[in-house]
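**Q**
Numbering (this note's numbering), first residue to last: 8 to 217.
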């Protein structure tokens, strides 16, 4: 990892929990879907446990634990409906200032596990729709994070090498994806308390020093 941010050619940002405080809406959406379809209310620890997991992963776990029969596609559909009805984009403190500071001198891209429709809505509401030259979403790849495909596609779109970019992420899955693609990565502290050993972690305000 380089010492100063201006040594890179581009920044690649995650969206949920990194730029936008949207993770609460996603967690609420999954909990709502599970309860609506099965009557079971996820505990706070289960909401944290399953947050980064795809529905194909956590629905079998719930089936094994509690005998719940849940269709992953139906859970995902209900979750998305709930989020779309309730979501209001709220940019994380300092993220807008950081982008404004670097936008004129640094190429910027977005790589999000969320579907394109949600990403577009969030960027419009946060007034970030014109910031990124490449936007890769879950609709553009076969494998989501922690698979590196999303970051590899972003690098291809921008015609850059992994050493040319630094990635800003907030989750272990996102960090794993960026590292597997060969990119330097910084974790954004958003209050969730997640960390990956050996990966620097800062708030947006703290990153001003770089």
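Even for Gly, the Cβ is constructed at its ideal location relative to N, Cα and C.
#1: What residues are listed by DSSP as bridge partners for residue 115?
#2: Name the one or two DSSP bridge partners that residue 194 has.
#3: What would DSSP say about residue 182, mapped onto helix, strand or coil?
#4: Report the CB separation of residue 197 from residue 24 in whole angstroms; it is logged as a contact under 8 Å.
#5: For residue 90 and residue 35, I'd like the C-alpha separation in whole angstroms.
#6: With a threshold of 16 other CB atoms inside 10 Å of the CB of residue 181, please say whether the residue is buried or exposed.
#7: Contact between the stretch 36-48 and the stretch 136-155 is defined here as three or more beta-carbon pairs at a separation below 8 Å; is this criterion met?
#8: Any contact of the stretch 91-107 with the stretch 123-130, i.e. 3+ C-beta pairs under 8 Å?
#9: Suppose the cutoff is 8 Å on Cβ atoms and the five residues either side in sequence are ignored; what does the same chain contact list for residue 122 look like?
#10: For residue 141, report the span of its beta strand (DSSP E) as first-last.
#11: In chain order, what residues of the same chain have a beta carbon less than 7 Å from the beta carbon of residue 171, not counting five sequence neighbours either side?
**A** Taking the definition as stated:
#1: As a position in the chain shown, residue 115 is number 108, starting the count at 1. Among the bridge pairs identified by DSSP, residue 115 is matched with 18.
#2: The residue labelled residue 194 in the question sits at position 187 within the chain shown. Residue 194 is bridged to 176 and 208.
#3: Position 175 of the chain shown, counting from 1, holds the residue named residue 182. Three-state result, residue 182: helix.
#4: By one-based count along the chain shown, residue 197 stands at place 190. By one-based count along the chain shown, residue 24 stands at place 17. Right, the Cβ-Cβ distance comes to about 5 Å (below 8 Å), so this counts as a contact.
#5: One-based indexing of the chain shown puts residue 90 at position 83. One-based indexing of the chain shown puts residue 35 at position 28. Roughly 8 Å separates the two Cα atoms.
#6: The residue you call residue 181 lines up with position 174 of the chain shown. Around the beta carbon of residue 181, 16 or more other beta carbons sit within 10 angstroms, so the residue counts as buried.
#7: Taking 8 Å as the limit for Cβ pairs, the verdict is that the stretch 136-155 does not touch the stretch 36-48.
#8: They touch, by the three-pair rule.
#9: One-based indexing of the chain shown puts residue 122 at position 115. Cβ within range, chain order: 87, 144, 145 and 146.
#10: Locating residue 141 in the chain shown gives position 134, where the first residue counts as 1. Here the beta strand (DSSP E) through residue 141 covers 141-143.
#11: The count along the chain shown starts at 1 and reaches residue 171 at position 164. Only 15, 16 and 17 meet the Cβ criterion.
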